[in-house]
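Read through the structure below, which is laid out as structure tokens, and then see the notes.
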Amino acid sequence: MKGQKYAAAKAAEIRLVKRLPEYWRVTVDHPPINIFVPEMLPQVGEIITAIGTDEQVKVVVFDSAVEGFFLIHLDFLANLDDFAHLSPGPTGLHPWPEMLARLSRAPVVSIALIRGRATGMGSELALACDMRFASREKAILSQFEVGTGLVPGGGPMARLSRLMGRGRALEVILSADDIPGDLAERYGYVNRSLPDVDLDGFVDTLATRIAFFDKQTIMDVKRLVDVASLPPDIEVQSGWDACVASMARPATQQRIKALIEQGFSKPGDAEDRLGDFVGRHDTKSGD
Amino acid sequence: MKGQKYAAAKAAEIRLVKRLPEYWRVTVDHPPINIFVPEMLPQVGEIITAIGTDEQVKVVVFDSAVEGFFLIHLDFLANLDDFAHLSPGPTGLHPWPEMLARLSRAPVVSIALIRGRATGMGSELALACDMRFASREKAILSQFEVGTGLVPGGGPMARLSRLMGRGRALEVILSADDIPGDLAERYGYVNRSLPDVDLDGFVDTLATRIAFFDKQTIMDVKRLVDVASLPPDIEVQSGWDACVASMARPATQQRIKALIEQGFSKPGDAEDRLGDFVGRHDTKSGD
Amino acid sequence: MKGQKYAAAKAAEIRLVKRLPEYWRVTVDHPPINIFVPEMLPQVGEIITAIGTDEQVKVVVFDSAVEGFFLIHLDFLANLDDFAHLSPGPTGLHPWPEMLARLSRAPVVSIALIRGRATGMGSELALACDMRFASREKAILSQFEVGTGLVPGGGPMARLSRLMGRGRALEVILSADDIPGDLAERYGYVNRSLPDVDLDGFVDTLATRIAFFDKQTIMDVKRLVDVASLPPDIEVQSGWDACVASMARPATQQRIKALIEQGFSKPGDAEDRLGDFVGRHDTKSGD
Numbered sequence: 001m002k003g004q005k006y007a008a009a010k011a012a013e014i015r016l017v018k019r020l021p022e023y024w025r026v027t028v029d030h031p032p033i034n035i036f037v038p039e040m041l042p043q044v045g046e047i048i049t050a051i052g053t054d055e056q057v058k059v060v061v062f063d064s065a066v067e068g069f070f071l072i073h074l075d076f077l078a079n080l081d082d083f084a085h086l087s088p089g090p091t092g093l094h095p096w097p098e099m100l101a102r103l104s105r106a107p108v109v110s111i112a113l114i115r116g117r118a119t120g121m122g123s124e125l126a127l128a129c130d131m132r133f134a135s136r137e138k139a140i141l142s143q144f145e146v147g148t149g150l151v152p153g154g155g156p157m158a159r160l161s162r163l164m165g166r167g168r169a170l171e172v173i174l175s176a177d178d179i180p181g182d183l184a185e186r187y188g189y190v191n192r193s194l195p196d197v198d199l200d201g202f203v204d205t206l207a208t209r210i211a212f213f214d215k216q217t218i219m220d221v222k223r224l225v226d227v228a229s230l231p232p233d234i235e236v237q238s239g240w241d242a243c244v245a246s247m248a249r250p251a252t253q254q255r256i257k258a259l260i261e262q263g264f265s266k267p268g269d270a271e272d273r274l275g276d277f278v279g280r281h282d283t284k285s286g287d
Numbered sequence: 001m002k003g004q005k006y007a008a009a010k011a012a013e014i015r016l017v018k019r020l021p022e023y024w025r026v027t028v029d030h031p032p033i034n035i036f037v038p039e040m041l042p043q044v045g046e047i048i049t050a051i052g053t054d055e056q057v058k059v060v061v062f063d064s065a066v067e068g069f070f071l072i073h074l075d076f077l078a079n080l081d082d083f084a085h086l087s088p089g090p091t092g093l094h095p096w097p098e099m100l101a102r103l104s105r106a107p108v109v110s111i112a113l114i115r116g117r118a119t120g121m122g123s124e125l126a127l128a129c130d131m132r133f134a135s136r137e138k139a140i141l142s143q144f145e146v147g148t149g150l151v152p153g154g155g156p157m158a159r160l161s162r163l164m165g166r167g168r169a170l171e172v173i174l175s176a177d178d179i180p181g182d183l184a185e186r187y188g189y190v191n192r193s194l195p196d197v198d199l200d201g202f203v204d205t206l207a208t209r210i211a212f213f214d215k216q217t218i219m220d221v222k223r224l225v226d227v228a229s230l231p232p233d234i235e236v237q238s239g240w241d242a243c244v245a246s247m248a249r250p251a252t253q254q255r256i257k258a259l260i261e262q263g264f265s266k267p268g269d270a271e272d273r274l275g276d277f278v279g280r281h282d283t284k285s286g287d
Numbered sequence: 001m002k003g004q005k006y007a008a009a010k011a012a013e014i015r016l017v018k019r020l021p022e023y024w025r026v027t028v029d030h031p032p033i034n035i036f037v038p039e040m041l042p043q044v045g046e047i048i049t050a051i052g053t054d055e056q057v058k059v060v061v062f063d064s065a066v067e068g069f070f071l072i073h074l075d076f077l078a079n080l081d082d083f084a085h086l087s088p089g090p091t092g093l094h095p096w097p098e099m100l101a102r103l104s105r106a107p108v109v110s111i112a113l114i115r116g117r118a119t120g121m122g123s124e125l126a127l128a129c130d131m132r133f134a135s136r137e138k139a140i141l142s143q144f145e146v147g148t149g150l151v152p153g154g155g156p157m158a159r160l161s162r163l164m165g166r167g168r169a170l171e172v173i174l175s176a177d178d179i180p181g182d183l184a185e186r187y188g189y190v191n192r193s194l195p196d197v198d199l200d201g202f203v204d205t206l207a208t209r210i211a212f213f214d215k216q217t218i219m220d221v222k223r224l225v226d227v228a229s230l231p232p233d234i235e236v237q238s239g240w241d242a243c244v245a246s247m248a249r250p251a252t253q254q255r256i257k258a259l260i261e262q263g264f265s266k267p268g269d270a271e272d273r274l275g276d277f278v279g280r281h282d283t284k285s286g287d
């Protein structure tokens, strides 16, 4: 770890702050790179349960306390196998896509405020939110997984194809490359990219505005928009199954191993320029 | 009413002019703010029936004769209850969403030329048209309803989610805020926003062009595009039902009452800056 | 033919070059205007069969060797009737839409590199590809057919409505007009338009990148994106049937005859400015 650039590592924390009873903030605070570690999963699950059941909350904003990173992928130095095979919930979905489905269906408006890198699970969380606003200068979204041989597991095939159409969804997922804020807006990956200096104010104003609207009305609008726009669970489950199958393939294991040797899942160049790294031919196996 | 700024009120009129047998113009002329009054409903219904049954017409342009307003919402000083409970037509839909569905399905190309405010029913009429072109400087679109506690009734949940994807549709409807021309284009709310000086010429050229094409061919293309893009009636009906239910809620009645006290549904600041007004916390009930 | 401007006519050729076993290029080379002649059909069919069955190929780029033209419409001086009534393949689709459906479903990433005019079948081929990148200065896309009285037959009603929403799809098809690169990007007709000088490098870099990714992973991603974004064959077939029916109408035959008299299907002004020509009222029959 480069001492100057990154804050000290500390326990992963997903922090919930109630700015108003109607307006919550959820902040990912796991320096130095906001990597997703398995112990975050129950924290996220509890928060999404609270969002879905609290009677007062109407709007929740997801953001990051870590410079340069919104939320990134699973820590590949953790036990991936354990994570991949967690018991499904009552819907039959693995806990991760199941939490995302619950967030999308919650009777609460969810907004991702994206500054820094949102890749893998970070991109998937943002896509499960109702709206996404990105820093023009500092946001980078991506689904890097195909570059490692993995099929993404948290629903981007289902969600991106509905947001931006087939051509752009295939490009985002199959290029596995970094998508900066303005391109993300042109593609519909985010609602808008805003000058970094304006982003916090814009999102806070929008969230506060919605916090004073009527909860039943918000619920009804979401329910009706979702008829035509939310993917069915079975489609997300099929993507998860393809993800788990891809993880077991030797070619994928080799690619991941080569990437880890170059610094993947650790602070440094590989994560700062992940799009470049997964596109380097020397990280590929001999296929 | 501010005498200088607004023309004198007069009887509501939806004016039909046949520029050619194949090319009609429908102009909303209800100064000073083109508010939708219940007596307009049969006028609109008759025109849409004519559009759907005339053998020669191929293209119809909807515009406004009133400076600053394309067409806005229902007059909330009228009897809303009567309007909400009009008898449904043969499709089971309330007359308003039913007219919009007929317009979309008519074997005729419908184009909204949007200059000034298009909110509520004005936005819904534009969304039911086949194409929308907006003045870059003077068009403002919105679905303001959620700011009053209402669920919009004329289909924007169904139509906007298909035009711009889930994230932007939820933002437009749940923010209840003004969307100027250029943002409307970036979001896909309109086909394009054009410099105001070019708008009339552009739309007239396009309409004239289409007026000389083959009617059967136009019908077939519309029918085939609609397979994947037009919402089913049942989805629009479900939105209408949610609208009527929301109207009856005491919280909505209180919000509407507070807004009317500030000038809602009358010429003046509240309608000129409706997005701001519905977002003011002092118009909210104590929920 | 204007000798200076156009290269000499030669036999139609669709050229397949394997840059790598994993990365193929397919180049349309039928000067002077890359018009689609019926003898190209089996050539395209064979190449798409090879793309769908080769075990190594992962990405294929379609481009043109002819200045000013990517690929345009069927040669209307050929026997249209014969072409329209070719025997359907095992899916029940006419060979042309059937090839396009196979291309979209192939376990290979297809990319259209569009420089020059892509209209009619050229636009349809581009739309059947997984991604489209266009020259900002030199690409022009269109579905000109409605200007001749024809319903387009290769699926644009089904594909454009899913890519860009109902309003813009109806405009593109019913205006029958030229869509330059930047507008094509704003509408989602292409993934991006790029400065002409950057286009080849961008596409080559992207294709090379994907060529080193895992084929099974690519296949799985495509399959999952397609669930929500690829039109069913029956919808494309319905469009084809409408196309064949429109071809038989006397009004269409008259429009085509008038256009041919003005130079349609031959090198020259009519093809260089096809959008203008199909919009001229003097090419219309007396309807």
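So the sequences go chain by chain: A, B and C.
1 is the number of the first residue of the first sequence in UniProt numbering; add one for each residue after it.
1 is the number of the first residue of the second sequence in UniProt numbering; add one for each residue after it.
1 is the number of the first residue of the third sequence in UniProt numbering; add one for each residue after it.
Every residue, glycine too, gets a C-beta built ideally from N, C-alpha and C.
> How many Å lie between Y187 of chain B and G155 of chain A at the Cα?
Replying inline: Position 187 of the second sequence holds residue 187 of chain B. Position 155 of the first sequence holds residue 155 of chain A. Y187 of chain B and G155 of chain A have their C-alpha atoms spaced approximately 23 Å apart.
> Per DSSP, what kind of secondary structure is D233 of chain C in: helix, strand or coil?
Replying inline: Counted from its first residue, the third sequence places residue 233 of chain C at position 233. Here D233 of chain C carries a helix assignment [DSSP, helix/strand/coil].
>> Ignoring anything shorter than 4 residues, give me the alpha helix (DSSP H) runs that lie fully in the stretch 177-233 of chain B, in order along the chain.
In response: For secondary structure counted as the alpha helix (DSSP H) over 4 or more consecutive residues, the stretch 177-233 of chain B holds these complete runs in sequence order: 181-187, 196-211 and 215-229.
> What whole-angstrom Cβ distance do D178 of chain C and L274 of chain C have, given they're in contact under 8 Å?
Replying inline: Numbered from its first residue, the third sequence carries residue 178 of chain C at position 178. Numbered from its first residue, the third sequence carries residue 274 of chain C at position 274. Rounded, the Cβ-Cβ distance is 7 Å, consistent with contact.
>> Give me the residue from A:R192, A:S246 and A:T217 with the minimum Cα distance to V109 of chain A.
In response: Translated into the one-based positions of the first sequence, residue 109 of chain A becomes position 109. Comparing C-alpha distances from V109 of chain A to each of A:R192, A:S246 and A:T217 shows the shortest one belongs to A:T217.
>> Three or more C-beta pairs under 8 Å: does that hold for the stretch 184-198 of chain A against the stretch 124-144 of chain A?
In response: Short answer: they touch.
> Okay, do the stretch 160-172 of chain C and the stretch 201-208 of chain C touch, 3+ Cβ pairs below 8 Å being the bar?
Replying inline: Result no; under three Cβ-Cβ pairs closer than 8 Å.
> In whole angstroms, what is the alpha-carbon distance linking R117 of chain A and G68 of chain A?
Replying inline: One-based indexing of the first sequence puts residue 117 of chain A at position 117. One-based indexing of the first sequence puts residue 68 of chain A at position 68. One C-alpha to the other measures close to 6 Å.
> How would you list, in chain order, the residues of chain B whose beta-carbon sits under 7 Å from the beta-carbon of M131 of chain A?
Replying inline: Counting from 1 along the first sequence, the entry for residue 131 of chain A is found at position 131. Identification of chain B residues near M131 of chain A by a Cβ-Cβ cut-off of 7 Å yields G167, L170 and E171, ordered along the chain.
>> Helix, strand or coil for V108 of chain A? Go by DSSP, reduced to three states.
In response: Sequence index remark: in the first sequence, residue 108 of chain A carries index 108 (1-based). In this structure, V108 of chain A counts as coil in the three-state DSSP scheme.
>> Going by the DSSP bridge assignment, what does S142 of chain A pair with across the sheet?
In response: Position 142 of the first sequence, counting from 1, holds the residue named residue 142 of chain A. DSSP, once it has assigned bridges, lists A:T119 as partnering S142 of chain A.
> Comparing alpha-carbon positions, which option in B:G167, B:P195 and B:L170 lies nearest V180 of chain B?
Replying inline: Residue numbering aside, residue 180 of chain B sits at position 180 when the second sequence is read from its first letter. The displayed chain sequence assigns Pro, not Val, to residue 180 of chain B. Of the candidates B:G167, B:P195 and B:L170, B:P195 places its Cα closest to the Cα of P180 of chain B.
> For L41 of chain C, does the three-state DSSP call read helix, strand or coil?
Replying inline: For this step, residue 41 of chain C is matched to residue 41 along the third sequence. Helix at L41 of chain C.
>> By the three-class DSSP mapping on this structure, what secondary structure does F70 of chain C have?
In response: To locate residue 70 of chain C, count along the third sequence from 1; it is residue 70. F70 of chain C falls in the strand class under three-state DSSP.
> Of the choices C:F212, C:L125 and C:E39, whose alpha-carbon is the least far from that of L20 of chain C?
Replying inline: Within the third sequence, residue 20 of chain C is the residue found at index 20, counting from 1. Ranking C:F212, C:L125 and C:E39 by Cα distance to L20 of chain C puts C:F212 first.
> Tell me the DSSP bridge mates of L113 of chain A?
Replying inline: By one-based count along the first sequence, residue 113 of chain A stands at place 113. The beta-bridge partner set that DSSP reports for L113 of chain A consists of A:F133.
>> For the stretch 185-213 of chain A, list every residue whose C-beta sits within 7 Å of some C-beta in chain B, in sequence order.
In response: In summary, the residues of the stretch 185-213 of chain A whose CB is separated from some CB of chain B by less than 7 Å are G188, N191, L206, R209, I210, F212 and F213, in the order they occur in the chain.
>> Quick check: is the beta carbon of H94 of chain C nearer than 7 Å to any beta carbon in chain B?
In response: For the purposes of this step, residue 94 of chain C is identified with residue 94 of the third sequence, where counting begins at 1. In terms of beta-carbon proximity, H94 of chain C stays away from the interface with chain B, with every pair separated by 7 Å or more.
> Straight-line CA distance for A112 of chain B to I35 of chain B?
Replying inline: As a position in the second sequence, residue 112 of chain B is number 112, starting the count at 1. As a position in the second sequence, residue 35 of chain B is number 35, starting the count at 1. Approximately 17 Å, taken between the alpha carbons.
>> Assuming E235 of chain A and A65 of chain C are in contact, meaning their beta carbons sit under 8 Å apart, how far apart are those beta carbons, in whole angstroms?
In response: Locating residue 235 of chain A in the first sequence gives position 235, counting from the first residue. Locating residue 65 of chain C in the third sequence gives position 65, counting from the first residue. At roughly 41 Å, the Cβ-Cβ gap does not stay under 8 Å, so E235 of chain A and A65 of chain C are not in contact.
> With 16 as the cutoff for other CB atoms within 10 Å, does N79 of chain B come out buried or exposed?
Replying inline: One-based indexing of the second sequence puts residue 79 of chain B at position 79. Note on N79 of chain B: under 16 other CB atoms within 10 angstroms of its CB, so exposed under the neighbour-count rule.
>> Rounded to the nearest angstrom, what separates Q262 of chain C and A270 of chain C at their Cα positions?
In response: Working through the third sequence from its first residue, we reach residue 262 of chain C at position 262. Working through the third sequence from its first residue, we reach residue 270 of chain C at position 270. The alpha-carbon atoms of Q262 of chain C and A270 of chain C are separated by roughly 7 Å.
> If you draw a straight line from the C-alpha of A11 of chain B to the C-alpha of V197 of chain B, how long is it?
Replying inline: As a position in the second sequence, residue 11 of chain B is number 11, starting the count at 1. As a position in the second sequence, residue 197 of chain B is number 197, starting the count at 1. Here the alpha carbon of A11 of chain B sits roughly 29 Å from the alpha carbon of V197 of chain B.
> Taking only beta-carbon atoms, is G286 of chain A less than 7 Å away from chain C?
Replying inline: If you number the first sequence from 1, residue 286 of chain A lands on position 286. Reliability fails at G286 of chain A, whose pLDDT of 42 lies under 50, so the model's placement of it is uncertain and the value that follows must be treated cautiously. G286 of chain A does not count as touching chain C.
> When you check each C-beta in the stretch 211-231 of chain A against every C-beta of chain B, which residues fall closer than 9 Å?
Replying inline: Going along the stretch 211-231 of chain A in chain order, one finds F212, F213, D214, K215, Q216, T217, I218, D220, V221, K222, R223, L224, V225, D226, V227, A228, S229 and L230 with a Cβ nearer than 9 Å to chain B.
> How is S265 of chain A classed by DSSP in three states: helix, strand or coil?
Replying inline: Along the first sequence, one-based indexing puts residue 265 of chain A at 265. Judged by DSSP in its simplified three-state form, S265 of chain A adopts coil rather than helix or strand.
> Any Cβ of chain B within less than 7 Å of the Cβ of R136 of chain C?
Replying inline: If you number the third sequence from 1, residue 136 of chain C lands on position 136. Put simply, the CB of R136 of chain C is far from chain B, with every gap to its CB atoms at 7 Å or more.
> Using a Cβ cut-off of 9 Å, which residues of the stretch 150-163 of chain C contact any Cβ in chain A, in chain order?
Replying inline: Listed by position along the chain: R159, R162 and L163.
> Applying a beta-carbon distance threshold of less than 8 Å, which residues of chain A neighbour G52 of chain B?
Replying inline: Numbered from 1 along the second sequence, position 52 holds the residue referred to as residue 52 of chain B. Listed along chain A is no residue with a C-beta nearer than 8 Å to that of G52 of chain B; the closest approach is about 25 Å.
> In chain A, which residues lie less than 8 Å from V109 of chain C when you measure between Cβ atoms?
Replying inline: As a position in the third sequence, residue 109 of chain C is number 109, starting the count at 1. Neighbours of V109 of chain C on chain A, chain order: L170 and L174.
> Quick one: Cα of P107 of chain C to Cα of V57 of chain C, how far?
Replying inline: Here residue 107 of chain C refers to the residue found at position 107 of the third sequence. Here residue 57 of chain C refers to the residue found at position 57 of the third sequence. So the two alpha carbons sit approximately 9 Å from each other.
>> Since L127 of chain B and I48 of chain B should fall inside the 8 Å C-beta cutoff, what is the C-beta to C-beta distance between them, to a whole number of angstroms?
In response: Residue numbering aside, residue 127 of chain B sits at position 127 when the second sequence is read from its first letter. Residue numbering aside, residue 48 of chain B sits at position 48 when the second sequence is read from its first letter. Contact annotation, L127 of chain B with I48 of chain B: C-beta distance approximately 15 Å; criterion of less than 8 Å not satisfied.
> Would you say V61 of chain C faces chain B, with C-beta separation under 7 Å as the test?
Replying inline: By 1-based counting over the third sequence, the position of residue 61 of chain C is 61. Not one chain B Cβ lies under 7 Å of V61 of chain C.
>> Check for me: the alpha helix (DSSP H) holding E55 of chain C runs from which residue to which?
In response: Counted from its first residue, the third sequence places residue 55 of chain C at position 55. Segment: none, E55 of chain C is in no alpha helix (DSSP H) and carries neither H nor E.
> What residue does the alpha helix (DSSP H) around K171 of chain C start on, and which one ends it?
Replying inline: For the purposes of this step, residue 171 of chain C is taken as the residue at position 171 of the third sequence. A quick correction: the sequence has Glu, not Lys, at residue 171 of chain C. Note, E171 of chain C: alpha helix (DSSP H), P156 to S175.
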